[in-house]
Amino acid sequence: MDAPQDSNLALCTACLMFVYNQDRLTMDIDPNALSLMLELLETRSDECNQVEEKHRAKIQSLVEEMKNKGHAQYLKLNEITVNISMETLLGLTSKRAGDWFKVELRRMKGIDFIVNTVIRCSEKHMEKGQIVKIDRCMHVLENVTFNNVENQLYIVNYDESKFISTCIDLLIECKQMVIKSNESKVYL
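With full-length UniProt numbering as the guide, the letters of the sequence shown map in order to residues 1 to 188.
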């Protein structure tokens, strides 16, 4: 559990968890691994800058190789430790991890991080990578709220229902995109 304090170890740990998760066969998540992953999500950008270039280059090369194989197509390599950790978290499903995952994700503020990611991504000019990230966040939120009233209430009441307002804004944006798409087809 020293990884969050050492930027080089944090990056390597995040990468290892990412690779295992992409395999989808060997990634067994337990409360300690979830805790570590959530701590890695809090790595500050100034800590990321302290990573030795040889480690950063090796991991960027590995990530590029995985992207070429079709994995994590929209993974950005800035703030690489945080982004790789987020990619790993979004790759998990509560179905695979068990009911404890739903409770622990809320207790350890992982739901907060995912909800804030949706809110942050929706505030920017939306490009395909952000839409994919929002979609993946929504899938995780769907999984952790299914048959879990505590998580449902937590998300509805989170930050004065800001997530609900964001979802409404996203639906309006989607509606506008569909209308634009249909209007452009009329002129074809």
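Every residue, glycine too, gets a C-beta built ideally from N, C-alpha and C. Just so you know, these numbers come straight off a predicted model, no measurement behind them.
{"Item": "Determine, using beta carbons only, whether Asp159 and Ser122 come nearer to each other than 8 Å.", "Value": "no"}
{"Item": "Got a sec? Which residues, its chain only, sit under 8 Å from Glu173 by beta carbon, not counting five neighbours each side?", "Value": "Ser122, Met126"}
{"Item": "Taking the alpha helix (DSSP H) that His71 belongs to, which residues open and close that run?", "Value": "Run containing His71: none; DSSP gives neither H nor E here."}
{"Item": "Identify whether Asn147 lies in helix, strand or coil by the three-state DSSP scheme.", "Value": "coil"}
{"Item": "First and last residue of the alpha helix (DSSP H) that includes Ser122?", "Value": "110-123"}
{"Item": "Please report the Cβ distance between Phe163 and Ile84, rounded to the nearest whole angstrom; I am assuming they are in contact, meaning their Cβ atoms lie under 8 Å.", "Value": "Between Ile84 and Phe163 the Cβ distance is about 25 Å, and since that is not below 8 Å, they are no contact."}
{"Item": "Using 10 angstroms around the beta-carbon of Arg136, count the other beta-carbons present and answer buried if the total reaches 16, otherwise exposed.", "Value": "buried"}
{"Item": "Take Ala14 and list the residues in its own chain whose beta-carbon comes closer than 6 Å to its own, dropping the five residues that flank it on each side.", "Value": "Leu40, Thr81, Ile84, Ser85"}
{"Item": "Among His71, Ile111, Asn68, which one has its Cα closest to the Cα of Met138?", "Value": "Ile111"}
{"Item": "Classify Glu53 as helix, strand or coil using the three-state DSSP reduction.", "Value": "helix"}
{"Item": "Could you check where the alpha helix (DSSP H) with Ser161 kicks off and where it finishes?", "Value": "Where Ser161 is concerned, there is no enclosing alpha helix (DSSP H), given that its DSSP letter is neither H nor E."}
{"Item": "Using C-beta distances below 7 Å, list every residue in its chain close to Met37, excluding the 5 sequence neighbours before and after it, in chain order.", "Value": "Met17, Ser85, Thr88, Leu89"}
{"Item": "For Asn182 and Lys128, what's the separation of their Cα atoms in angstroms?", "Value": "19 Å"}
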